[in-house]
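Under the working numbering, think of the first position of the sequence shown as 267, with each following residue one higher. Here is the structure we will look at.
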Amino acid sequence: MSRLIVKNIPPKLTTERLRKHFEQKGAPPGTITDIKIAYKRDGTCRQFAFIGFKTSKEAATARDWFDRTFIESARINVMIVEGAKDAPTPRPNKRRRLTNEDDNSSKPGDTPVLDDSAMETIQRTSRLFLRNLAFSCTDNDLLALFRPFGEIAQAHIPLDPVSKQSKGLAYVTFVQPSSALAAYEGLDKKSFQGRLLHILPAVERKGGPEALDTGDIFLSIKGERKAKRNATAGREFNWSMLYMNSDAVVSSIADRLSIPKADILNPESSNAAVKLALAETHVIQETKSYLESQGVILSSFSSRGRSDTILLVKNIPYGTSADQIRELFEVHGKLSRVIVPPAGTMAVVEFEHAVDANKAFRAVAYRRLGNSVIYLEKGPLGMFQEASEDTGRPTATITSGLAPVTIAEQDMSDEEDISLSAGSTLFVKNLSFSTTTERLKQVFRNLPDFAFARIQTKPDPKRSAISGAEAPRLSMGYGFVGFKTVEGAKRALKGMEGFTLDGHTLHVKFAGRGTEEDASKDKETAKSRTTKMIVKNVPFEATKKDIRELFGAHGQLKSVRLPKRFDARSRGFAFLEFVTRHEAENAYAALRHTHLLGRHLVLEWAEEAEQDLDALRQKAGVGYGGGIALPGKRRKFHMDDGEDEEAG
């Protein structure tokens with residue numbers, strides 16, 4: 267439980283005074299979600315109050331810290347609120363209060379019993395309405411709470427359109443009605459983030475796909491399919507992260523080379539598909555380089571987690587500018603940044619609030635732009651290196667005859683034009699919550715090769731943003747300090763470990779992200795110690811000549827094998843062997859996002875013969891007991907060994 271009861275408080279204590287006592291300097295950190303002082307009907311205080319915290323750990327720490335402390339001249343008692351099931355049963359000999367109520371009358375704290383109408387509503391909609399949520403609650407918190415009951419289709423927290431703060435309400439939609447019923451019975455009137463959660467059956471969403479079944483009879487089949495497709499646009503897609511429109515790729519290459527597109531897509535040519543794949547590879551490489559220059563971490567594209575504020579805009583026509591993308595999305599909410607690579611075949615859009623990004627996703631997905639249809643996909647988690655500092659920076663757009671480019675305006679600070687080495691960032695924790703970024707910079711600024719210092723912050727849930735001013739933020743108690751070289755970071759780690767700043771002893775170590783990236787690179791290098799490669803998802807129309815021309819442009823091939831069926835058709839995969847490992851790595855890095863005849867080529871490293879032999883031996887060992895005799899098997903009797911032992 268994350269809710270505390272504070273007893274023996276002063277009769278004239280106010281909510282502000284109680285909050286100030288639990289947030290005093292030196293107290294353990296914690297997010298207070300609710301404070302409620304109990305009063306009688308005549309308005310006098312009952313001398314106890316309830317305080318809710320975001321997590322049970324924060325509540326337990328606050329109980330141990332504040333129990334038997336004094337507020338004014340009263341010593342308070344702090345305890346964790348017990349649930350209704352854990353409450354002690356009343357004594358049998360206790361006198362009962364005389365009332366006119368029936369003995370079977372229910373109390374507000376009893377287990378909820380679904381009536382027929384509520385059960386019918388939940389079974390029809392699979393949707394729940396949540397009330398009394400903490401204002402700091404997020405969609406991810408709701409997903410973590412309700413996911414054990416079943417697959418969730420959507421979790422939505424409405425925000426105030428002006429302050430962008432939570433209203434304390436939410437909607438959770440399950441895939442199966444049984445999951446919604448189980449969640450209702452298991453979580454209604456239970457403590458969540460220091461508040462008692464109140465769950466009600468929710469009606470169908472207006473304009474949802476369910477309404478199409480009983481909608482206008484004159485709705486065409488095409489319109490019905492379009493409405494259903496837009497309604498389910500928020501789900502994950504199986505496209506490549508760097509998917510590009512083939513026509514946009516050809517237009518970009520033809521415009522740069524000042525040649526007509528017919529020269530690239532010549533129907534009389536035997537390798538038009540290979541030319542298109544090579545052009546796409548070139549554009550993808552250029553796009554990846556540009557995204558890296560804008561602070562995008564390309565290794566994050568392989569992660570399964572998705573960001574709630576970043577959208578990847580794909581399949582856009584060539585020549586689309588950043589202004590067009592901004593006009594398309596800014597009507598749905600405030601944008602943090604818009605990035606359009608030089609090729610103009612895709613874009614990255616980041617919103618300040620997740621609710622605006624979800625609204626834009628449903629509104630813009632499959633919308634026509636020029637002669638193409640927009641594909642949207644949520645960006646990966648951790649896509650930007652400086653996501654917290656880059657938020658809100660304006661972007662300037664430069665449009666030329668070749669390509670539209672967005673150039674982010676750089677702050678005139680110490681971090682400008684600084685290239686940091688890998689593994690040269692330090693992670694500093696146990697910072698005082700009163701320590702600012704400027705204070706941290708003052709401490710590390712005089713060290714050699716110093717580059718930047720920042721403290722990680724989060725929005726302040728207790729103070730709303732003032733129009734025209736920056737939203738207030740709270741320190742999270744840790745930060746990052748970057749250096750130009752690894753040697754400078756090592757010297758700083760050795761010298762600043764145990765340093766006292768604002769009354770707190772600093773704990774310094776290398777940042778984990780660089781270590782993870784180095785480990786992933788080492789793992790990738792270890793896998794690529796072979797010159798053999800497996801290419802999956804090969805189109806059935808592709809020939810061995812197409813494969814050789816496509817991969818031969820990035821390295822010299824030793825052999826190409828394209829297995830076929832009994833009817834001489836391709837089986838959909840190929841085996842390649844390069845002359846050197848370096849050429850194989852170049853081809854792998856360049857073609858891992860390439861499409862051939864509309865299919866995304868999936869590249870994997872093949873195992874060497876020695877590794878295959880070891881795998882067969884290991885498999886045989888498992889099947890035959892790994893050297894241990896299996897029960898029920900007849901064992902061999904070696905006469906020679908026995909004779910030698912007797913002779914010895």
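Positions of the beta carbon are idealized from the N, C-alpha and C atoms, including for glycine.
For L706, which residues of its own chain have a beta-carbon under 8 Å away from its beta-carbon, when the five flanking residues on both sides are left out?
-> V694, L697, A719, R720, I721, G745, V747, L767
Cα-Cα separation, T387 to S741 = 44 Å
Going by DSSP, what residues sit across from R720 in a beta bridge?
-> F746
For A792, which residues from the same chain have a beta carbon less than 6 Å from its beta carbon, with the 5 sequence-adjacent residues on both sides left out?
-> A caution first: A792 carries a pLDDT of 44, below 50, which makes its placement in the model unreliable, though a value can still be read off. Answer for A792: no residue qualifies.
Which value, in whole angstroms, describes the spacing of the CA atoms of G561 and K430?
-> 27 Å
Select from P738, M762, F699, E348 the residue whose C-alpha is nearest the C-alpha of N712.
-> M762
What do you reckon, are the CB atoms on L279 and I301 nearer than 7 Å?
-> no
Would you say the stretch 583-592 touches the stretch 507-518, given that touching needs at least three Cβ pairs under 8 Å?
-> yes
How many Å lie between N852 and E704 at the Cα?
-> 44 Å
Return no unless some Cβ of chain C is closer than 7 Å to the Cβ of G864.
-> Considering every chain present, this structure includes no chain C. It has just one protein chain.
Locate the beta strand (DSSP E) running through R827, then write down its first and last residues.
-> 823-827
Starting from P646 and walking both ways along the beta strand (DSSP E), at which residues does that stretch end?
-> 641-646
Sub-7 Å separation of L409 and A436 beta-carbons | no
Inter-residue spacing [alpha-carbon to alpha-carbon] between S654 and V709 | Residue placement at S654 is flagged as unreliable, the pLDDT there being 39, under the threshold of 50; the coordinate-derived value follows with that caveat. Taking the straight line joining both Cα atoms gives about 22 Å.
Between F716 and G754, what straight-line distance do the alpha-carbon atoms span, to the nearest angstrom?
-> 7 Å
Straight-line CA distance for G821 to E870?
-> 16 Å
Indicate whether the contact test is met: 3 or more Cβ pairs, each with one atom in the stretch 437-453 and one in the stretch 288-300, closer than 8 Å.
-> no
Give every residue of the same chain whose Cβ lies closer than 8 Å to the Cβ of M267, excluding the five residues on either side of it in the sequence, and list them in chain order.
-> S322, A325, I346, V347, E348, G349, S457
Would you give the residue range spanned by the beta strand (DSSP E) that T299 belongs to?
-> 298-305
Hey, out of V428, I800, A421, T611, whose CA is closest to E552's CA?
-> T611
Who are R285's beta bridge partners in DSSP?
-> Bridge partners of R285: none, in fact.
What does a CB cutoff of less than 6 Å around K802 pick up in its chain, not counting 5 residues either side in sequence?
-> F839, V868
Among the residues of its own chain, which have a CB less than 7 Å from the CB of I800, if the five just before and after it don't count?
-> F839, F841, E870, A872
Do you know offhand how far K775's Cα is from G743's?
-> 15 Å
Mind checking who K433 pairs with in its DSSP beta bridge?
-> Its beta-bridge partners do not exist; DSSP assigns none.
Identity of the residue in P526, L466, I271, S555 nearest A855 by Cα = S555
How many Å lie between V604 and V579 at the Cα?
-> 10 Å
Just mark K320 as buried or exposed, buried being the case when its beta carbon has 16 or more other beta carbons within 10 Å.
-> buried
Compute the distance between the beta-carbons of I423 and D407, then report whether it is under 7 Å.
-> no
Secondary structure at N343, three-state DSSP: helix, strand or coil?
-> strand
CA nearest to the CA of R837, picked from V621, D812, F806 | F806
Cα-Cα separation between R634 and V540, rounded to whole angstroms | 28 Å
According to DSSP, which residues form a beta bridge with L564?
-> BP columns for L564 are empty, so no partner.
Run the CB neighbour count on L828, radius 10 Å, all protein chains shown included, and call it buried at 16 or more, exposed below.
-> buried
Measure the Cβ-Cβ separation of V621 and Y632 and say whether it is below 7 Å.
-> no
Below 7 Å CB to CB, which residues in the same chain sit around S700 once its five sequence neighbours on both sides are set aside?
-> D768
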